[in-house]
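With the numbering used here applied, the sequence shown closes on residue 460, and no number is skipped along the way.
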Amino acid sequence: RLRPRRAPAGRPQPPLRLLLPLPLAPHAHRPRRHPRLRPLRRPPTHPNLHTLAACLHPSAASSSPRRATRINAAAASLLSPLTASSPGLSRSFPSGAPGAAGRRRTLVWFRADLRLHDHEPLHAAVGASSSLLPVFVFDPRDFGKSPSGFDRTGPYRASFLLDSVADLRRSLRARGGDLVVRVGRPEVVIPELARAAGAEAVYAHGEVSRDECRAEEKVSKAIEKEGVEVKYFWGSTLYHLDDLPFRLNDMPSNYGGFREAVKGLEVRKVLDAPEEVKCVPMKNVLEPGDIPTLGELGLSAPPAMAQDSKSAAGSNLIGGEAEALERLKKFAAECCMQPNKAVKDSTQNSIYGANFSCKISPWLATGCLSPRFMYEELKKHAIRAIPSKDGDGTSDAGTNWLMFELLWRDFFRFVTKKYSSAQKTSEVAPATGCTPAPAFA
Numbered sequence: 020r021l022r023p024r025r026a027p028a029g030r031p032q033p034p035l036r037l038l039l040p041l042p043l044a045p046h047a048h049r050p051r052r053h054p055r056l057r058p059l060r061r062p063p064t065h066p067n068l069h070t071l072a073a074c075l076h077p078s079a080a081s082s083s084p085r086r087a088t089r090i091n092a093a094a095a096s097l098l099s100p101l102t103a104s105s106p107g108l109s110r111s112f113p114s115g116a117p118g119a120a121g122r123r124r125t126l127v128w129f130r131a132d133l134r135l136h137d138h139e140p141l142h143a144a145v146g147a148s149s150s151l152l153p154v155f156v157f158d159p160r161d162f163g164k165s166p167s168g169f170d171r172t173g174p175y176r177a178s179f180l181l182d183s184v185a186d187l188r189r190s191l192r193a194r195g196g197d198l199v200v201r202v203g204r205p206e207v208v209i210p211e212l213a214r215a216a217g218a219e220a221v222y223a224h225g226e227v228s229r230d231e232c233r234a235e236e237k238v239s240k241a242i243e244k245e246g247v248e249v250k251y252f253w254g255s256t257l258y259h260l261d262d263l264p265f266r267l268n269d270m271p272s273n274y275g276g277f278r279e280a281v282k283g284l285e286v287r288k289v290l291d292a293p294e295e296v297k298c299v300p301m302k303n304v305l306e307p308g309d310i311p312t313l314g315e316l317g318l319s320a321p322p323a324m325a326q327d328s329k330s331a332a333g334s335n336l337i338g339g340e341a342e343a344l345e346r347l348k349k350f351a352a353e354c355c356m357q358p359n360k361a362v363k364d365s366t367q368n369s370i371y372g373a374n375f376s377c378k379i380s381p382w383l384a385t386g387c388l389s390p391r392f393m394y395e396e397l398k399k400h401a402i403r404a405i406p407s408k409d410g411d412g413t414s415d416a417g418t419n420w421l422m423f424e425l426l427w428r429d430f431f432r433f434v435t436k437k438y439s440s441a442q443k444t445s446e447v448a449p450a451t452g453c454t455p456a457p458a459f460a
């Protein structure tokens, strides 16, 4: 039995030595390293490191160098997560992460906006993404029968739509991109394409009628499950929804009140078409797909179309942005040749009112032509062609009648948006005048 040795009388008692367990005992052959600091060669420095160490242990300032090093290391471990998240401090993201600006892939869902000019979703995606995936989906429900037994889309309108999609694909290919075309339900097709392309965001124009809004909700619900951002833009009217001087729920229910409320409201500037569209590499990943025929959509060509006859109303109209811009150019020149008939600032019918609807409305309905772009171009022609009463050569008289027609179009779309938003759960369909349709069935 071992007993502690007693010190001789007159000598001080030596301090008591504690025998530490082997894992905690300091090694003489190599310095001890804290497991949390293994990746660091030296403790990180911070202006408040010593202050925090003193707060953690008051004796840090007066302790031994080894003890002070341990306390400073503990303080550094507490400061490291704060350094990464503090404002003004840099933080690196892995390549392609959602937080890396301009590095993500975005799916642009084309709907009733088959153009490249004045297209806010496309414009935003080009500026915020490294590559795009332009997509158009032919929904079979748009080509079936309505509850009343009528065709939702007739052969002439379907043929016009096919032309517009083909023209959009040509425009994208001319800028280095392409258009993926599919036939199916958007709530199924869009998530599948986003997953296959590795898209981290979906941009599209929002619609106003019941069926289109329901499709948006289904797509958003399916996409958000994949952790993909969904964003809808407004771009189908002359005036932007966010620029209205009233809340949508407080919108006047009559045209006169609406026209008076928006009088003097400024029209937003037109967005230019992108010069280059860099798309997601589709080789061995995604096939662009073929544009369907009328038969594949469940429609039969009428006899007039089958015999290449141009006698049927609307059968000679060609869809697409290129044709829309050409029509607008000719139409503007025609209006400028007869400026007196173009001066309309009342609710009276004009000769150009009927012709305007027949000539331009199909391209406005499919989104091949932006109403803001049309207004801006006709305003330029009117300024050059119609002198004012003061003789300074500048007058907006030629665009007054155009504003009258486009305001009616805005009124119906805003009214539909107002009541469709208030009756999302209702089965009562909104007025059919909400969605401008071509002049043919």
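Glycine included, each C-beta is placed from N, C-alpha and C at the ideal position. Here the structure is a predicted model, which means the values were calculated and not measured.
With 16 or more neighbouring CB atoms inside 10 Å of its own CB, threonine 125 falls in the buried class. For phenylalanine 265, no beta strand (DSSP E) encloses it, and the DSSP letter there is neither H nor E. For the beta strand (DSSP E) assignment, the uninterrupted runs of no fewer than 3 residues enclosed by the stretch 215-239 are, from N- to C-terminal side, 220-224. By the Cβ test, the stretch 233-244 is not in contact with the stretch 139-151, since fewer than three Cβ pairs between them sit closer than 8 Å. For the stretch 115-186, the continuous beta strand (DSSP E) assignments of 3+ residues that do not extend past its boundaries occur at 123-129 and 148-157, in sequence order.
Lysine 348 is bridged by DSSP to nothing; it lacks a bridge partner. Around the CB of serine 272, fewer than 16 other CB atoms lie within 10 Å, so the residue is classed as exposed. Closest option to aspartate 261, judged by alpha-carbon separation, among Phe433, Trp427 and Leu180: Phe433. In the displayed model, valine 286 falls within coil according to three-state DSSP, outside both helix and strand. As computed with DSSP, lysine 250 is found in a beta bridge with Tyr222. With contact defined as three or more Cβ pairs closer than 8 Å, the stretch 190-201 and the stretch 299-318 are in contact. In this structure, DSSP gives valine 202 an extended state, which the three-state scheme calls strand. In the pairwise beta carbon analysis, the stretch 336-346 is classified as touching the stretch 377-388: at least three pairs are separated by under 8 Å. In this structure, the straight-line span from the alpha carbon of alanine 320 to that of serine 190 is close to 27 Å. Of all alpha-carbon atoms in Phe129, Gly314, Asp269 and Val281, the one lying nearest the alpha-carbon of lysine 250 is that of Phe129. Leucine 133 counts as buried, since no fewer than 16 other beta carbons sit within 10 angstroms of its beta carbon.
Inclusion of valine 296 and leucine 151 in the CB contact set at 9 Å is warranted, their separation being smaller than that value.
The beta-carbon distance between glutamate 226 and alanine 131, rounded to whole angstroms, is 7 Å. This is short enough to meet the 8 Å contact definition. Leucine 267 is positioned such that its CB atom lies no closer than 9 Å to that of lysine 398. Residue state for cysteine 298 is assigned as strand, using DSSP reduced to three classes. DSSP, reduced to helix, strand and coil, places lysine 244 outside both helices and strands of the structure shown, so it counts as coil. Spatial neighbours of threonine 256 in its own chain (CB-CB distance under 6 Å, excluding positions within 5 residues in sequence) are listed in chain order as Asp429 and Arg432. Between leucine 316 and phenylalanine 423, the C-beta gap is not smaller than 9 Å, which leaves the two residues out of contact. Secondary structure at glutamate 342: helix, using DSSP grouped into helix, strand and coil.
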